[in-house]
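Enquirer: Here it is, the structure, as structure tokens.
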Amino acid sequence: MESVARGGTRWKRFAVVMVPSVAATAAIGVALSQGALAASFSVSGQQFKVTADQLDGTGFVQYGALDSGKSGNHPVAVVGLESAKITNLCQSVVVPVPVFGDVSMTLKAGAKGGPRVEAKKLYIDADDLQADATFTNVDIGVSVDRTTKGPGPSKGDKYAPDSFAQQADKVRFTDVKQRAWATTAGTFKLSGLGMSVKKGKHECY
């Protein structure tokens, strides 16, 4: 059954996983052909946190899937975007180093007043998000294999045929806080990129 809502829809603190995160490879300009995130690939055993002041995206789709890694299987909400622009992006990961202790790597880009972070054919695998959200022409309850507004299910994703999905022409997320397992994109342009590595826990939130 397909449930359709037309026009702009604002859901405050809606738990749909949305904002793109910057993986370590993004620091050197990730450009994966076709931006296809296969849920069957082995993810690391660590999550990372992301914050952003605002994300504007076009061609949105979301569905449930499963990521696999040495630490086990991780249920995730996969979000696909045809394109996205992000303001004041921060991504952090804390890595436990034997003997030395925790080490935090933080990446920041797209600061206020400067060029925004830009991504195309973007996929995000995450399990938690807090944000204010506005959807334009949103369809809720679409079959995952019949979505038409976003880039479609990523190749290799583990999902049940005819399972629940949602899509929208446009999305806007503000005051974003997200925890994710993986992300990939066809292109990821990080304007004003800065990276820091510090001992201890220094997360974006």
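So the sequence shown is numbered by the numbering used here: it starts at 3 and just counts up by one. Where is the CB? At the ideal position from N, CA and C, for every residue including glycine.
1. For Q49, which residues of its own chain have a beta-carbon under 7 Å away from its beta-carbon, when the five flanking residues on both sides are left out?
2. According to the neighbour-count rule (16 or more other Cβ atoms, all chains shown, within 10 Å of its Cβ), is V99 buried or exposed?
3. Since G47 contacts S85 with CB under 8 Å, what's their CB separation in whole angstroms?
4. Is D147 helix, strand or coil when you go by DSSP?
5. Do the segment 133-142 and the segment 105-117 meet, that is, are 3 or more Cβ pairs less than 8 Å apart?
6. For F102, I'd like the list of residues in its chain whose CB is within less than 8 Å of its CB, leaving aside the five on either flank, ordered along the chain.
7. Leaving out five residues on either side along the sequence, give the residues of the same chain with a beta carbon under 6 Å from the beta carbon of L124.
8. Kindly indicate the opening and closing residues of the beta strand (DSSP E) around C206.
9. How big is the Cα-Cα spacing for L68 and D130?
Expert: Let's see:
1. R181, A182 and W183
2. exposed
3. Between S85 and G47 the Cβ distance is about 31 Å, and since that is not below 8 Å, they are no contact.
4. helix
5. no
6. K201
7. P22, L83, A86 and A187
8. First-last for C206: undefined, no H or E at that position.
9. 14 Å
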